[in-house]
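Residue numbers (the UniProt record's numbering), protein chains in the order written: chain C, 1 to 106; chain S, 1 to 408.
A virtual CB, placed ideally from N, CA and C, is assigned to each residue, including glycine.
Quick caveat, the model's predicted, so the values are computed rather than measured.
All remarks here apply to the structure that follows.
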Amino acid sequence: MAKITYVEHDGTEHVVDVKPGMSVMEGAIKNNIPGIDADCGGACACATCHVYVKQEWLDKTGSPSAMEESMLDFAENVEPNSRLSCQIKVSDELDGLVVTMPESQH
Amino acid sequence: MSSGPRVVIIGAGHAGGSAAGFLRQYGFEGPIVLVGEEPIVPYQRPPLSKAWLKGEADADSLSLKPAEWYAENGVDLRLNTVAASLNRGARTVTLNTGETLQYDVLVLATGARARKLPIPGADLKGVLELRTAADAEDLKAALGPDRRLAVIGGGYVGLEAAASARALGSHVMVIEREPRVLARVACEVLSNFFQDYHRAKGVKFELGAGVQGFEGEDGQIRRVVLSDGRKVDCDAALVGVGAMPNVELAKEAGLACADGVIVDLQARTSDPAVFAIGDVTHRPLPLYDRNFRLESVPNALEQAKQVACDIVGRPAPAPEVPWFWSDQYDLKMQIAGIPFDADSILVRGDPASAKFAVFHLKGDLIQAVEAVNAPPEYMAGRQLIGNRKPISREKLANPAISMKEVAA
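Next up, the structure:
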């Protein structure tokens, strides 16, 4: 299990255990954490699971694929550490990961 | 959890399950009963024809929430259960178990069912449909190297299943009544593109071909009989010819229905104590100034949010542009909007490169965009549909000009 901290836009923190193999998005959805919508269920088709990855974790979460990048390009409030959380696979390596949610996914 | 109106949700699909989730997420503390016909907790249907069929997703990853979430969050989930009747005067729903539930707020999320072909042999073993996880199990069991699948209906479900079946090594024949696939939902450019792409992957087509029956041996399907008498040998046939809304409960209770249960933008029916959400609804589409029944996950989620917001007294969520997606082989197809009232079509990019978008225009306004492996066209198109901003056709037609600039 990897402990992941999801921080809502208003600062509310949710710390949950996520099974390796699941995506960071699934970890939020299955725990009913507000702030990540994930309308398409992880098909990289909607850009409604946008998160900001805390700086020190950027190496471990890797970089977005071309498809993800072009989706992010048109999302709202994009920053250099923006990712689509459905495209980040949870592993033991990511134990302790912190992600922050944008104000809105739509 | 006890304060708040008693909410009863009939239907535990994507819409019903999500409504329960949003209510708790928004802090609703009243009792929730969620009634579902299927034997398993609410799950996502889209992967059934895609990742799940190919064995790339398991039951856990399909479920909306873990099984224990419902009890832990005070959601009284009744599986294998259907609502038999609705008494709006008494505000009660009677279940097939004989139990009667009292509600203050009722949410109908009864979904849609696969349309059946009323032809001889339709009850043979191996004549399949694809709507539920159980259907998907049956289809999966019928697929594999050198198995022959006949797909009746060249819509999205049929084409996605065809792509997955090819990935599993099955031989696939798609039989479509219209002269082209996706005839009801997409333009000719797209139909031709998908036909060519599937053909290159080994799928065969019978277009403009009706089906008059199925023939079998020992109760098992062996061939499909086309209208002209020709026969197509197969080990299984998937019938994907559309869906019908499950309106019976609402209709018998006297709620206003058209093609679906008529709702407003808060998902409220003609009875203020009764909401309806998801595939079963006939809803307003303010962008297109008309009412329509949408069959999509984004629609189910949007209406689930509308209901949850209304119940807890939150402001209504922002209206959304209808959108859809489909994955076939390595193709990612994303659609925003519906081509109502479009007067022209503009193709951006080259279909031969499997990276292009078809824009449906009404004057200089984008009504809909169908994008294949083209996320910028989809994302910018969706924004432009939503904000009704006129575009320059000349710029839009030139792929060398970025979608950022087109949308600027």
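Contact list for residue i against chain S, beta-carbon separation under 9 Å
i       : result
C/Gly11 : In chain order: nothing, as chain S lies at least about 17 Å away.
Chain S contact for residue i (CB, 8 Å cutoff)
i        : result
C/Asn32  : yes
C/Glu79  : no
C/Thr5   : no
C/Ala2   : no
C/Met101 : no
C/Glu26  : yes
C/Ser70  : yes
C/Ser91  : no
C/Asp17  : no
C/Asp39  : yes
Buried versus exposed call for residue i [16 or more other C-beta atoms within 10 Å across all chains shown]
i        : result
C/Gly62  : exposed
S/Pro298 : buried
S/Arg184 : exposed
S/Glu252 : exposed
S/Arg348 : buried
S/Gln367 : buried
S/Leu53  : buried
S/Asp289 : exposed
C/Asp37  : buried
S/Lys305 : buried
Euclidean distance between Cα positions of residue i and residue j
i        : j        : result
C/Pro102 : C/Glu76  : 8 Å
S/Gly89  : S/Gly154 : 44 Å
S/Pro322 : S/Gly386 : 9 Å
S/Lys355 : S/Thr281 : 34 Å
S/Ala84  : S/Val35  : 11 Å
S/Lys201 : S/Trp325 : 21 Å
S/Tyr70  : S/Asp76  : 7 Å
S/Met1   : S/Ser353 : Legend: pLDDT at S/Met1 = 48, less than 50; position of this residue unreliable, value from coordinates given subsequently. Cα to Cα, S/Met1 sits roughly 56 Å from S/Ser353.
S/Ala407 : S/Glu394 : 13 Å
S/Val307 : S/Gly229 : 51 Å
C/Val15  : C/Ala28  : 10 Å
S/Gly55  : C/Leu94  : 26 Å
C/Gly96  : C/Lys3   : 5 Å
Chain C within 8 Å of residue i, Cβ atoms only
i                      : result
S/Gln44                : yes
S/Leu190               : no
S/Asp131               : Note on identity: in this sequence residue 131 of chain S is Arg, with Asp being the wrong assignment. With 8 Å as the cut-off, S/Arg131 does not count as an interface residue toward chain C.
S/Val297               : yes
S/Glu68                : no
residue 414 of chain S : Outside the shown range of chain S (1 to 408) lies residue 414 of chain S, about which nothing can therefore be said.
S/Met1                 : For S/Met1, the pLDDT reaches just 48, beneath the cut-off of 50, and the residue's location in the model is therefore unreliable, leaving the point undetermined.
S/Ser61                : yes
S/Pro5                 : no
S/Leu182               : no
S/Lys140               : no
Amino acids of chain C, ordered along the chain, whose beta-carbon sits closer than 7 Å to that of residue i
i        : result
S/Asp327 : Ala43
S/Gln334 : Ala45
Cβ pair residue i, residue j closer than 8 Å
i        : j        : result
S/Val8   : S/Gly30  : no
S/Leu130 : S/Gly240 : yes
S/Ala374 : S/Asp235 : no
S/Ala136 : S/Leu48  : yes
S/Gln220 : S/Gly363 : no
Cross-chain neighbours of residue i in chain S, by beta carbon under 8 Å
i       : result
C/Ala47 : Met379
Cross-chain neighbours of residue i in chain C, by beta carbon under 9 Å
i        : result
S/Ala318 : Ser104, His106
S/Pro47  : Gly41, Gly42, Ala43
Contacts that residue i makes with chain S (C-beta to C-beta distance below 7 Å)
i       : result
C/Ser85 : Ordered by position in chain S, no residue passes the 7 Å Cβ test against C/Ser85, which lies about 15 Å from the chain.
8 Å Cβ cut-off: residues of chain C touching residue i
i                      : result
S/Pro376               : Ser70, Asp73, Phe74
residue 422 of chain S : Because residue 422 of chain S is not part of the residues shown, which for chain S are 1 to 408, the question remains open.
Quick one, which residues of the segment 15–39 of chain S are near chain D if we go by CB-CB under 7 Å, in chain order? Reference to chain D is not applicable here, since the protein chains of this structure are C and S.
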